[in-house]
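In our numbering, the protein residues as written are 16 to 495.
This report concerns only the one structure given below.
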RNA sequence: GUGGGUGUAGCUCAGUUGGUUAGAGCACCAGGUUGUGACCCUGGGGGCCGUGGGUUCAAGUCCCAUCACUCACCCCA
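Here you go:
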């Protein structure tokens, strides 16, 4: 520790350490793969936009715009804002780049950090990460259904079980207004029995009362008028269409108590917070792994937004996944082993330094992941590093190996672990010592069986690896 | 913006009614043992006890303030 006060990260913005990033990479790779299957293309937009974009797009009176944005003036006085969500920027890019001209349809996905100045708690940060998708130019419910399917596919490909997709229809803008006033008059009759929060919600966002966790409120909410009874003709048809399309894709409704992976539940109490949503709204809820912030993804249709932002009227729908929350659910369900390199080169004596690098670079150019300890300390310390690296094999270069012209290959794991890593175990068991229960260390040089790495000595006394042989050998080791 | 909890080693935590030089486990480094790494043995590095003030002969411990972290409300991903 140095003397001065140490500089810390700023509240709500977290470091993702190497043990974290391997999980994040897995999530992002899965997302990329699934989105590609649905013919979505990646878009990257700036992390900052003019404040006006969010004020107009998200809604002036939402919490996000009113009190959660990181807003500041650029040097010329322009008001800029760190993006609090992804849709507005993508919509802006769609309009600004005239993506509708060549093809009004656009299916896009994005991933990246978002910023909201909120109080932090489990599952809520000031810099958080979303993976989102947007589909422009299509108002058919088939698109809504595909969005849902895409989410379910992603969760399935990650092996997640404790999540549930819930869908609802908010109706068109007019239906929403009507339903809102019906709700207000229903709740107003029993206003004094609602909790303090809900009495306030009644004025600001009455739909939220339906969602209240307080016992008394939810009891009253159960008797409240149903959204579906207040859908207009078109919104109702759209929602029916969505259900048909889901059914056509084999995605079933789950009306039972217990969540079932790969199904959806109709939940009339799903309410989206942002102003622009109409018709389809959906949300993915987690049962484990996140604190009380259990919404892992949310989305819906926003057919008016593009026009509101100055584009041609264009229907659109999208969702955003809270990547931080998704990762935390994933971590609660399964543990991931950090993938190690294929080989760890242990070199000592005359073989340290440049000699080791020669072997390492041969291996790397043959396409293997290789690590070594550049301090070239004692064999013991290098083997400790090798063990920790997670590499299944060590390749050993010492004075003896240089003399014999063969580097040793030594397994660092039990046979079972090697098997689990997809290594050709028939070959390995020949390499390993007799006992299978308790695989012991051994030196390939003692038991060659063609298993050492041949080293070719050049006239200057330097060695190089028998590369063709090595590739053949290694590709057998790592078959499949 | 509002409420609760917690601050002692890199991590998880002990630390008595205030009383020598603040401890353990894990991790890290070195040495020993070993079939060159794992198990075991020995040793080592690493602490402004969150920070500032107060009480006292004496504060990690008691009092006040402050900061940070954390969980929850609101709201959202």
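Glycine is no exception: its CB is placed at the ideal position from the N, C-alpha and C atoms.
Model, not experiment: these values are computed from the prediction.
Mind checking residue 253: buried by the 16 CB within 10 Å criterion, or exposed? Around the CB of residue 253, 16 or more other CB atoms lie within 10 Å, so the residue is classed as buried.
Assuming contact is defined by CB atoms lying nearer than 8 Å, are residue 122 and residue 324 in contact in what I supplied? In this structure, residue 324 does not lie closer than 8 Å to residue 122 by Cβ.
Checking 8 Å against the spacing of the C-beta atoms, do residue 148 and residue 129 come in under that value? no
Buried/exposed call for residue 93, threshold 16 Cβ in 10 Å: exposed
Local Cβ density within 10 Å of residue 51, reported as buried at 16 or more and exposed below that: With fewer than 16 Cβ atoms within 10 Å of its Cβ, residue 51 is classed as exposed.
Answer with buried or exposed for residue 357, where buried requires no fewer than 16 other C-beta atoms within 10 angstroms of its C-beta. buried
CA nearest to the CA of residue 24, picked from 66, 140 and 76: The candidate whose alpha carbon is nearest that of residue 24 is 140.
Would you report the Cα separation of residue 65 and residue 387, rounded to the nearest angstrom? 48 Å
Put residue 136 into one of helix, strand or coil per three-state DSSP. strand
Residues that DSSP places opposite residue 94 in a beta bridge: 88
Which whole-angstrom value describes the C-beta separation of residue 296 and residue 309, a residue pair presumed to lie in contact below a C-beta threshold of 8 Å? Actually they are not in contact, since the Cβ atoms of residue 296 and residue 309 sit about 16 Å apart, beyond 8 Å.
Classification of residue 179 by the beta-carbon crowding that lies within 10 angstroms, buried from 16 upward: buried
Give me the DSSP bridge partner(s) of residue 503. The question about residue 503 has no answer here: the residues shown for the chain are numbered 16 through 495.
Please say whether residue 278 and residue 151 have beta carbons closer to each other than 8 Å? no
Going by beta carbon distance, what residues of the same chain come within less than 7 Å of residue 85, once the five residues before and after it are set aside? 96, 97, 130 and 132
Which residues does DSSP pair with residue 146 in a beta bridge? 126 and 336
Could you check where the beta strand (DSSP E) with residue 63 kicks off and where it finishes? 63–65
Can you tell me whether DSSP reads residue 28 as helix, strand or coil? coil
Which partner residues does residue 404 have in the DSSP bridge list? The partner list for residue 404 (beta bridge, DSSP) is empty, contrary to what the question assumes.
Count the other CB atoms, across all protein chains shown, that sit within 10 Å of the CB of residue 560; report buried if there are 16 or more and exposed otherwise. Look at the range of the chain in this structure, 16 to 495, and you will see that residue 560 is not part of it.
Less than 7 Å between C-beta atoms, sequence neighbours within five positions excluded: which residues of the same chain meet that for residue 216? 223 and 224
Taking its Cβ as the centre, do 16 or more other Cβ atoms sit within 10 Å of residue 495, making it buried, or is it exposed? Note that residue 495 has pLDDT 40, beneath the 50 cutoff, so the model's placement of it is unreliable and no number is given.
Among residues of its own chain, excluding the 5 on either side of residue 104, which ones have a beta-carbon nearer than 6 Å to its beta-carbon? 60, 64 and 98
Among 285, 291, 186 and 299, the one whose alpha carbon lies nearest that of residue 248: 186
Are there three or more Cβ pairs, one per stretch, closer than 8 Å when the stretch 38–53 is compared with the stretch 68–77? no
Tell me whether residue 242 is buried or exposed, calling it buried when 16 or more other Cβ atoms sit within 10 Å of its Cβ. buried
Do residue 334 and residue 153 come within 8 Å of each other at the CB atom, strictly closer than that value? no
When you compare the stretch 403–417 with the stretch 360–379, are there three or more beta-carbon pairs, one atom per stretch, that lie closer than 8 Å? Touching, yes.
May I ask you to report which of helix, strand or coil DSSP gives residue 184? Reduced to three states, the DSSP call for residue 184 is strand.
Span of the alpha helix (DSSP H) around residue 206: Careful: residue 206 lies outside any alpha helix (DSSP H) and carries neither H nor E.
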